[in-house]
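Comments concern the structure below.
Chains as they are written, first to last, in our numbering: chain X, 1 to 243; chain S, 1001 to 1243.
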């Protein structure tokens, strides 16, 4: 499904209040780990799928990328991206990532941050990305962790007194649509197993370079709820090389 | 810790009653998936770490392995292995896998089935395995899935009426000792994150070939509790190549 909750005014406003929206990369708990997986951007042609506010696009440009194309389905996201993270080497384009088409070997680097769990069909997209990347090119992405998406609600399991008991996992092997509550709004996401994420890459001509479940950085531990993020894996970061 | 619960008579007897103990590979739900990850054994020197009853050792020998060394810490296990799965090309040896030492490049294949979660320190062991394997050699193993080991009890979370509600995950990033109940006995196992399993391999000179969470095979669905195994990932299978 080509999810576009981000053009819903109320949802978009709430999204704008998140730490990661207000503070950018410094407000994203996974950034220190994701940053380590990024390639040298100097002189590179970069594609960012589901670019959102464009933080990663600007980062790539400021670190020497020759050209960066940031794509997103949300008009509001792209407006914000152009305003907050405009750069002479960055172009923002409205598109569903499933509809994009480029000649083989167009990019040196493909990035995607927390967007693939909105995509219904992962394999054809990865096939396209493999095509769009030159040999030796880097594919680095983050997704919500399969542990986090399996049950569906993406919420803790609470005791009668309202304290967190644990995080629930269920229907792990039943891949597909889940309706989660995110920022108080109902959002459709797609659960996939770890097997599907990694085997799809391996089958599509990628070598896995890193598979990392980022833990909350020490300096963010005092943010509300952050210490509980030691209890469950919420995200999965992958870096792969086109071979 | 060099866990040796399997020399406890009562535990060993219960273990012997399990489907996988009675029926061997055909009784192990993960076998169809694990089998797909195994290399061509013909003419190969094979090491099986934590060989248990020796089912995989005999399988390798019957599929052409030139020599198979099966090691286990449990005397009872090895007695059963020699009786049930003896083969002229297989040697069974009592040893803690942490204490083994071989010259570089001794083996073409290293296997391990459901044993590494009893090992406290994974990285030095993987470093050794990388040394013992020749370049291009295969390392194929199964472990209990990090989702399965995180909470500790390895049991479902039940409602008041005794039905399964979901599987609990907690303390995911807190690696180390867990006390689980297995076959009614308390057993110490070690929880590790997926990150630790895979990044340790990548750092130790391995390329990841497959990462598979095996789901129960259709033909075993009628065994007690098997259908519930679609709800949680219990095992993780990895195949890697020494580069």
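All C-beta atoms, glycine included, are put in the ideal place defined by N, C-alpha and C.
Note that the coordinates shown come from a computational prediction; the quantities given were computed from them, not determined experimentally.
Name, please, each residue of chain S whose Cβ falls closer than 9 Å to the Cβ of residue i.
i	result
residue 231 of chain X	1150, 1169, 1170, 1171, 1172, 1173, 1174
So what's residue i in DSSP terms, helix, strand or just coil?
i	result
residue 239 of chain X	strand
residue 1200 of chain S	helix
residue 160 of chain X	coil
residue 180 of chain X	strand
residue 42 of chain X	coil
residue 1019 of chain S	helix
residue 1228 of chain S	helix
residue 13 of chain X	helix
residue 1190 of chain S	strand
residue 1032 of chain S	helix
residue 247 of chain X	Nothing can be reported for residue 247 of chain X: it is not among the residues displayed for chain X, which extend from 1 to 243.
residue 170 of chain X	coil
residue 1001 of chain S	Only weak support exists for where residue 1001 of chain S lies, its pLDDT of 45 falling under 50; the value from the coordinates is given anyway. Looking at residue 1001 of chain S - three-state DSSP - the assignment turns out to be coil, as it is neither helix nor strand.
residue 49 of chain X	strand
residue 1185 of chain S	strand
residue 223 of chain X	coil
residue 216 of chain X	coil
At a CB-CB cut-off below 8 Å, which residues of chain S make contact with residue i?
i	result
residue 265 of chain X	In the structure as shown, chain X starts at 1 and stops at 243, and residue 265 of chain X therefore has no counterpart that could be examined.
residue 147 of chain X	1147, 1169, 1172
Counting only Cβ pairs nearer than 7 Å, list the residues of chain X close to residue i.
i	result
residue 1215 of chain S	173
What do you get for residue i, buried or exposed, if any count of 16 or more other CB atoms within 10 angstroms of its CB means buried?
i	result
residue 72 of chain X	buried
residue 36 of chain X	exposed
residue 1013 of chain S	exposed
residue 1223 of chain S	exposed
residue 1016 of chain S	exposed
residue 77 of chain X	buried
residue 91 of chain X	exposed
residue 118 of chain X	buried
residue 216 of chain X	buried
residue 1109 of chain S	buried
residue 1153 of chain S	exposed
residue 1221 of chain S	exposed
residue 165 of chain X	exposed
residue 168 of chain X	buried
residue 9 of chain X	exposed
residue 48 of chain X	buried
residue 1181 of chain S	exposed
residue 149 of chain X	buried
residue 1103 of chain S	exposed
residue 195 of chain X	buried
residue 81 of chain X	buried
residue 214 of chain X	buried
residue 129 of chain X	buried
How about residue i: is its C-beta nearer than 9 Å to some C-beta of chain C?
i	result
residue 69 of chain X	As a matter of chain content, chain C is missing from the structure shown, whose protein chains are X and S.
Check your understanding: Between the stretch 1184-1213 of chain S and chain X, which residues of the former have a C-beta closer than 8 Å to a C-beta of the latter?
Key -> 1193, 1194, 1195, 1198, 1199, 1202, 1207, 1208, 1209, 1210, 1211, 1212, 1213
Review point. Hey, which unbroken runs of the alpha helix (DSSP H) at 4 residues or more fall wholly within the stretch 1125-1151 of chain S?
Key: Those alpha helix (DSSP H) runs which fall completely within the stretch 1125-1151 of chain S and span 4+ residues are 1146-1150.
Exercise for review: Please go through the stretch 1051-1114 of chain S and give each complete alpha helix (DSSP H) segment of 4 or more residues, from N-terminal end onward.
Suggested key: 1055-1062, 1075-1085
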